[in-house]
Amino acid sequence: MALKDIIYAEVHGYKGGCDAVALRMRSMGFPKMTGDTLQKKVSTTCDTHHLRADEVEILQEILDTDRFAIELAKQRFMVCIPLVRFAGVSDQELLDLVFKSEEQRGQWAAACRDALKDGRIDLLELEVIRAQYFEYLAADAELIARLESMVNPAELERRK
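So for the sequence shown, the working numbering puts the first residue at 278; every next one is plus one.
If you want it as structure tokens, here you go:
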């Protein structure tokens, strides 16, 4: 899905649609934004109105979505993984994360195995493999973030 399609879907999926989003934008430093103007800017068929980068940035905040960043990463053949800050982690939580990561890795490996049964990979199979791989990466990133939360903050500051 193209970024413009995602923006359109997110704005129109927001409770109250364009009018509600435009109202929030006005309260956040975009005094001239109206529902009609926003509708034209997010339209996939309007060639006269275009979103600026600062408007996309504020939309992402208002809509509380990572879909824009994820799509931009996909377009650049990159991965977008949220980095969560944790205040600490118990041994059980850490063990659960290790198992979650390995479970995701197993699902990715199973998707690869299933796709290769006939000796080739079609586009749909590739999309499944890619999605499973990104889930696996996200699980590993969460594990690393949890481990980082266990390091003494003073130690981290000394390394900077």
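Note that beta-carbon positions come from the ideal geometry of N, C-alpha and C, so glycine has one too.
Stretch pair the region 418-425 + the region 389-404: three plus CB contacts closer than 8 Å:
no
State yes or no: is the C-beta of Leu374 within less than 8 Å of the C-beta of Leu420?
yes
Contact the region 372-386 vs the region 401-413: 3+ CB pairs below 8 Å
yes
Assuming Asp417 and Ser378 make a contact with CB atoms under 8 Å, what is their CB distance in whole Å?
5 Å
Do you know whose CA, among Arg397, Tyr285 and Asp343, lies nearest Ser320's CA?
Tyr285
From the DSSP output, in three-state form, read off Val366 for me.
coil
Looking at C-alpha atoms only, which residue of Leu280, Lys317, Ile283 and Asp282 is the closest neighbour of Asp296?
Lys317
Could you tell me whether the region 300-309 touches the region 346-362, using the rule of 3 or more Cβ pairs below 8 Å?
no
For Arg329, which residues in the same chain have their Cβ closer than 8 Å to its Cβ, ignoring the five residues on either side in sequence?
none
Straight-line Cα distance separating Lys394 from His327
46 Å
For Glu334, which residues in the same chain have their Cβ closer than 8 Å to its Cβ, ignoring the five residues on either side in sequence?
none
At what residues does the alpha helix (DSSP H) containing Pro430 begin and finish?
Pro430 to Arg436
Status (buried if at least 16 other CB within 10 Å, exposed otherwise) for Leu247
This structure gives no information on residue 247, because the portion of the chain shown stretches from 278 to 437.
Could you name each continuous alpha helix (DSSP H) segment of 4 residues or more that falls completely within the region 311-363, going from the start of the chain to the end?
312-319, 330-340 and 344-352
First and last residue of the alpha helix (DSSP H) that includes Ile398?
No alpha helix (DSSP H) contains Ile398, which DSSP labels as neither H nor E.
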